[in-house]
Amino acid sequence: MSQADIPESGDPSSTLKGRRERIWVMPNPIPSEFLDRVSESGYGALIAQLLYNRNLRTPEAIEYFFNADYSRLADPYLIKDMDRAVKRIQQALSAHETLAIYGDFDADGVTACSLLVQYFRSLGVEVIPRIPHRVDEGYGLNPPALTRLHEQGVTLVITVDCGVSNVAEVAFASGLGMDIIVTDHHRPPDPLPQAYAILNVRQEGCQYPYKGVAGVGMAFHLVRALSKAGIKGNGLKPSDLLDLVALGTVADISPLNGENRVLVASGLRALNRTSRPGIIALIDAAGLKQGELEASSIGFGLAPRINAAGRVDDAILAYQLLLTDSLSEARELANQLNSKNRERQDMLSTVLEEARYQVAEKRLAEKNKLMLLSGTNWQAGIVGLVAGRLCEEYSRPVVVVERSGEHCKGSARSIYAFNIIEALSECSDLLERFGGHRQAAGFTVAASNLAELESRLYKIADRMTDSDLQPRLLVDAIIEPDQIMSAYTESRLLAPFGSENLQPLYACTGLKVREARPVGIDGSHLRLKLFNPHNMKTLEGIAFRAGWRAVDMKPGKLIDVAFNLDQNMWHGQKRLEVYIKDMRFSA
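813 is the number that this note's numbering gives to position 179 of the sequence shown; each next residue is one higher, with no gaps.
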């Protein structure tokens, strides 16, 4: 794993000087009866501990976790308004109406848009794709784009990964004589837009059992329902689209539990054997190998490149990549996305440096439980990444705003203890538009309202306690260095890993430092060689962005380390790597 491939949200392993020390939360002991029950199913004590930590404690939950497959997905017609949406699409197809798919500029929105366009093309229906420009148009539906679609003869617009907050824009479209079917997964507002149909598992009255679906997952459920109604493409099955579903779901950091676990596991199998030229080219451009892709391959390698298109240029590049039938065109587009990703990394470094200077100069972390930073020429596609990085570093909500003329665009990232979308809802009278999730949101605000927004958010954040701001490290199990290989092998049973099903975090305690040296081009990372003084068993690992700690890690010092385990390629050979997330001196 290279420094360039650290995830967009910031590497959770970062151990940064001057930040709050993490509290290590050790696992609760598992009841003997639970251990016995898991043992009867053929699993050992470590698997029992990992299941217990993830609140998988009933026979039914454990059985579904290990045995759920595509055939066990719930009926898509349990989604509220699904029947109405399917009938309207059937009507549009019968009458040869012109349809548009209106997406979002992130990887979830791009994959969702690509999925529906591919499905309709398999029916012999050419639809008009519309993905707004992040800087010029912003998130969601907008009147100029809707007017242009109307001029192109569109009578039915299907949104993906957006639309549920666009009350005024849906009304505008209706005034032009267009129907809107919203497919979205963001928290529905009150009131809802007066769309023809709203497909959102989180809306009140929706009976679909799983609520964690991503935007691409909602589009996929629509295809499942259409297929079930007999609207089937020429040889295309819904399951043929699972590569896109996995890509968008992981990229959006959606929970990898329940049905998402099924979709991503199935989608990874599809990705590893895909013949889609765009994904083959993207895999090559990211330096990955088809047949060995995991969820982390998406998060570290594929998703940043897809997102880079919308962050620094136009997301249509990523859309074109996913749907091209030409491998040569795919390779050219993938190379362009690689260039965009490098540009994104350079921009991120520049803005991060400026933002950190603001934090230090204004002593924001000392004064406030929430930090709001702003700057001119801070690219709208970068501010969310900056907010995410600073949120992790300072363990508090962070709002980063691009000041540009009379209107400012902001992005927020938050810790779990502070619901950022609810906080923005309390300030909705100041905002022109906003949307998002518990821990991530975006908004547009008039420059004249920015100071008042900052003041209100600080007051709302003051409701948090100091304990809420204390970063915690949830350790799954304490093991010995000679158990590392078996722990890795057993933990693979829980893959794919991601949000809500994190890679197991292990700890070794009371190890002696044999060697600690900075590594990397600028010495920013730390390579540690440790050993157990009682049996001399060794452990070697790397801690990203912790090179500064080398001076403290003197040979002979006793330390505890918390780490993930994963395989890494080194000179063409696979080897088990210990990724150190935190370290502390032993008590």
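Using N, Cα and C, we set each Cβ at its ideal position, and we do this for glycine too.
ask   = What did DSSP end up calling serine 1149 once you bin it into helix, strand or coil?
value = It should be noted that the sequence gives glutamate, not serine, for residue 1149. Residue state, collapsed to three classes: strand.
query = Three-state secondary structure (DSSP) at methionine 588?
reply = Residue 588 lies beyond the residue range present for the chain, which begins at 635 and ends at 1221; the question has no answer from this structure.
message = Measuring only the C-alpha atoms, how far is asparagine 776 from aspartate 715?
response = 23 angstroms
Anticipated Cβ contact below 8 angstroms, glycine 846 with serine 888, distance rounded = 6 angstroms
request  = Using three-state DSSP, classify glutamate 926 as helix, strand or coil.
outcome  = coil
query = Considering only C-alpha positions, which residue in the set Gly758, Glu1211, Leu1139 and Tyr1140 is nearest to arginine 1161?
reply = Glu1211
key: Same chain, Cβ closer than 7 angstroms to asparagine 1083, five either side skipped, listed in chain order   = Leu1064
message = Quick test of the definition: if touching needs 3 or more C-beta pairs under 8 angstroms, does the segment 825-839 touch the segment 673-688?
response = no
query = What is the residue span of the alpha helix (DSSP H) that phenylalanine 754 lies within?
reply = Here the alpha helix (DSSP H) through phenylalanine 754 covers 741-756.
task = Please classify threonine 732: does DSSP put it in a helix, a strand, or coil?
result = strand
request  = Please look up how many angstroms separate the CB atoms of leucine 1128 and aspartate 1110, rounded, as I've assumed it's under 8 angstroms.
outcome  = Contact flag wrong, Cβ pair sits at about 10 angstroms.
query = Helix, strand or coil: how does DSSP classify cysteine 1025 here?
reply = helix
query = Assuming methionine 812 and histidine 784 make a contact with CB atoms under 8 angstroms, what is their CB distance in whole Å?
reply = Histidine 784 and methionine 812 do touch by the CB rule: their CB atoms are close to 6 angstroms apart, below 8 angstroms.
task = Taking only the alpha-carbon atoms, compute the straight-line gap between glycine 644 and lysine 923 and give it to the nearest angstrom.
result = Because the pLDDT at glycine 644 is just 37, under 50, the model does not fix this residue reliably, and the value given afterwards should be weighed accordingly. If I take the Cα positions, the gap works out to 24 angstroms.
ask   = If you follow the beta strand (DSSP E) that serine 1133 is part of, which residue opens it and which one closes it?
value = If you look at serine 1133, you'll find it isn't in any beta strand (DSSP E); DSSP assigns it neither H nor E.
inquiry  = Can you tell me whether histidine 820 is helix, strand or coil according to DSSP?
reply    = coil
query = Relative to the alpha-carbon of alanine 779, which residue among Asn701, Gly737, Ala885 and Gly1076 has its alpha-carbon at the smallest distance?
reply = Gly737
task = Please report how far the alpha carbon of serine 647 lies from the alpha carbon of arginine 1179, in whole angstroms.
result = Unreliable placement is indicated for serine 647, whose pLDDT of 35 sits below 50; the coordinate value is still reported in the next sentence. Straight-line Cα distance between these residues: approximately 8 angstroms.
Backbone secondary structure at arginine 1067 - three-state DSSP = strand
6 angstroms CB neighbourhood of arginine 990 in its chain, flanking five on each side removed = Answer for arginine 990: no residue qualifies.
query = Can you name the start and end residues of the alpha helix (DSSP H) that aspartate 877 belongs to?
reply = 876-885
task = Could you check which residue in Lys1171, Asn891 and Tyr773 has the C-alpha nearest to that of aspartate 1116?
result = The residue with the shortest Cα to Cα distance from aspartate 1116 is Lys1171.
Completely contained beta strand (DSSP E) runs for the segment 750-809, where each covers 3 or more residues = 762-764 and 788-794
task = State yes or no: is the C-beta of valine 1032 within less than 8 angstroms of the C-beta of leucine 1019?
result = Cβ distance not < 8 angstroms, so valine 1032 and leucine 1019 don't count as in contact.
ask   = With respect to the alpha helix (DSSP H) encompassing leucine 1084, which residues constitute its N-terminal and C-terminal limits?
value = 1084-1095
task = Can you have a look at asparagine 800 and say buried or exposed, based on whether 16 or more other CB atoms are within 10 angstroms of its CB?
result = buried
Exposure of phenylalanine 1219, with buried meaning 16 or more beta-carbon neighbours within 10 Å = exposed
key: Neighbourhood of arginine 1047 by C-beta distance below 6 angstroms, restricted to the same chain and skipping five residues each side   = Ala1021, Gly1022, Cys1025, Val1032 and Ala1074
query = Going by the beta-carbon positions, is the gap between valine 1017 and valine 1034 smaller than 8 angstroms?
reply = yes
ask   = Helix or strand or just coil, what does DSSP make of glutamine 1201?
value = strand
ask   = Between Ala746, Leu916 and Ile1054, which lies nearest to lysine 1093 when the distance is taken from Cα to Cα?
value = Ile1054
key: Unbroken alpha helix (DSSP H) run spanning leucine 707, endpoints   = Note, leucine 707: premise wrong, no alpha helix (DSSP H); not H, not E.
query = Is there contact between the segment 856-876 and the segment 746-758, where contact requires at least three CB pairs shorter than 8 angstroms?
reply = These segments touch.
ask   = To the nearest whole angstrom, what separates the beta carbons of alanine 853 and valine 794, a pair I think is in contact under 8 angstroms?
value = 5 angstroms
request  = Give the straight-line distance between the Cα atoms of methionine 635 and alanine 859, rounded to the nearest whole angstrom.
outcome  = Any reading at methionine 635 must be qualified, since the residue scores a pLDDT of 36, below 50, and its modelled position is unreliable; no value is offered.
inquiry  = Using the Cβ count rule (16 or more neighbours within 10 Å means buried), how would you classify valine 788?
reply    = buried
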